[in-house]
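Each residue of the sequence shown is one higher than the one before, starting from 259 at the first, in our numbering. Note that the Cβ used here is the ideal one computed from N, Cα and C, for glycine as well. Comments concern the structure below.
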Amino acid sequence: MVALLRARDISEVSRALALDLIEEHVVRQSAMLHGLWDASRLAVGALALQCRPLSLGELVSACTDALKPAATAAEVSLRSRVDAQVVVSGDERWLMHVVMNLLSNALKFTAPRGAIDVDVGVTGQRANLRIADTGRGIAKATLERIFDGPWDIHEANRAPHEKAGLGLFLVRKLVTLHGGEIHAQSDGIGHGSTFRLCLPLSSVDVGL
Numbered sequence: 259m260v261a262l263l264r265a266r267d268i269s270e271v272s273r274a275l276a277l278d279l280i281e282e283h284v285v286r287q288s289a290m291l292h293g294l295w296d297a298s299r300l301a302v303g304a305l306a307l308q309c310r311p312l313s314l315g316e317l318v319s320a321c322t323d324a325l326k327p328a329a330t331a332a333e334v335s336l337r338s339r340v341d342a343q344v345v346v347s348g349d350e351r352w353l354m355h356v357v358m359n360l361l362s363n364a365l366k367f368t369a370p371r372g373a374i375d376v377d378v379g380v381t382g383q384r385a386n387l388r389i390a391d392t393g394r395g396i397a398k399a400t401l402e403r404i405f406d407g408p409w410d411i412h413e414a415n416r417a418p419h420e421k422a423g424l425g426l427f428l429v430r431k432l433v434t435l436h437g438g439e440i441h442a443q444s445d446g447i448g449h450g451s452t453f454r455l456c457l458p459l460s461s462v463d464v465g466l
C-alpha cells in the first residue's frame, strides 16, 4: 500500500482510496490495542469505576441516536422504547461502552431491511435493557461461550458473532463490575439474537 502511494503515476482517486484503506486499518488496530489494554486492566482488577446516579434510558437514547445514521445507511430499522426515569448507579463512560458495543454488534450482523429493537424498563429492583435483532443469529455452541474471552477470537470457522469475542468479554466484565448480569439468547443461525442486561436500580433521585 505504501509502495502504491509512492508511485508517481498513481491517479488521485487511487491515492485517496489507498489513504482511506490505511486510515481504516490504523483505526481498527488502535481499537484492538485499546481493547486489549482494557481487558488486561479488568483481568487484574486495575479498572476503577467512577460511579454516579444516571438515567439508563437517557444513556441508551444517546447511543441509539448516535447509531441511527449508520442504521439508516445499512437499511436497518433501529427502534427504541426507553424510560428516562430508570436510574442506575454507574460509570457513564463504561456503561456507554457496553451499550455501544451491543448495538454495534446488532447492526453489524443484521442484514438490510432487518430491525433492531431496544427497550429499557424495570423489573422489581433491577433496571433492564433488551437489545433484540433480526440478524444472523448465534449457533448454540457459540452461545454457550460467547462471553468467555478474547483467547477465542481467531478460532477457525467461527460464526460472525464470535469475532466480537474481545468486545463481549469486556462487556460482561464491565456489567459484573456494576453489580449486573448479561445474557444472550438465540434460536440459532437465521433467527436473530437478543441480549438482556440487568443492573441494580439506584436509590438516588436525579431529578428527571
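- request: Identify every residue that forms a DSSP beta bridge with C456.
  value: Here residue 456 is taken as the residue at index 198 of the sequence shown, counted from 1. Note: C456 sits in a beta bridge opposite N386 and E439.
- prompt: With burial defined as no fewer than 16 other Cβ atoms inside 10 Å of the residue's Cβ, what is the status of H436: buried or exposed?
  reply: The residue you call residue 436 lines up with position 178 of the sequence shown. Buried, by the Cβ-count rule.
task: Using a threshold of 7 Å, state whether the C-beta atoms of A385 and L457 are closer than that.
output: Taking the sequence shown and counting its residues from 1, one reaches residue 385 at position 127. Taking the sequence shown and counting its residues from 1, one reaches residue 457 at position 199. Result yes, Cβ atoms of A385 and L457 sit closer than 7 Å.
task: Just the C-alpha distance for H449 and P370, rounded to the nearest angstrom, thanks.
output: To locate residue 449, count along the sequence shown from 1; it is residue 191. To locate residue 370, count along the sequence shown from 1; it is residue 112. When rounded, the distance between both Cα atoms is 15 Å.
message: I need the straight-line Cα distance from E402 to H441, nearest angstrom please.
response: Taking the sequence shown and counting its residues from 1, the one referred to as residue 402 is at position 144. Taking the sequence shown and counting its residues from 1, the one referred to as residue 441 is at position 183. Computed Cα separation, rounded: 10 Å.
message: On the DSSP bridge list, what partners appear for D341?
response: The residue labelled residue 341 in the question sits at position 83 within the sequence shown. Paired residues: none, contrary to the question.
query: Mind checking T400: buried by the 16 CB within 10 Å criterion, or exposed?
result: Numbered from its first residue, the sequence shown carries residue 400 at position 142. With 16 or more Cβ atoms within 10 Å of its Cβ, T400 is classed as buried.
- request: Can you grab the Cα-Cα spacing for the pair H355 / F453, in whole Å?
  value: Within the sequence shown, the letter at position 97 stands for residue 355. Within the sequence shown, the letter at position 195 stands for residue 453. Whole-angstrom Cα-Cα distance: 15 Å.
- request: Give the DSSP-derived three-state secondary structure of L361 in the structure shown.
  value: Reading the sequence shown from its first residue, position 103 is the one you call residue 361. Here L361 sits in helix by DSSP.
task: For the alpha helix (DSSP H) containing T381, list its first residue and its last residue.
output: By one-based count along the sequence shown, residue 381 stands at place 123. That residue, T381, is in no alpha helix (DSSP H); its beta strand (DSSP E) goes A373 to T381.
field: Distance between S347 and L312 (C-alpha atoms, nearest Å)
entry: In the sequence shown, counting from the first residue as 1, residue 312 sits at position 54. In the sequence shown, counting from the first residue as 1, residue 347 sits at position 89. Spanning the two alpha carbons is a distance of roughly 6 Å.
- prompt: How many Å lie between D468 and K398 at the Cα?
  reply: Any question about residue 468 goes unanswered here, given that the chain covers just 259 to 466.
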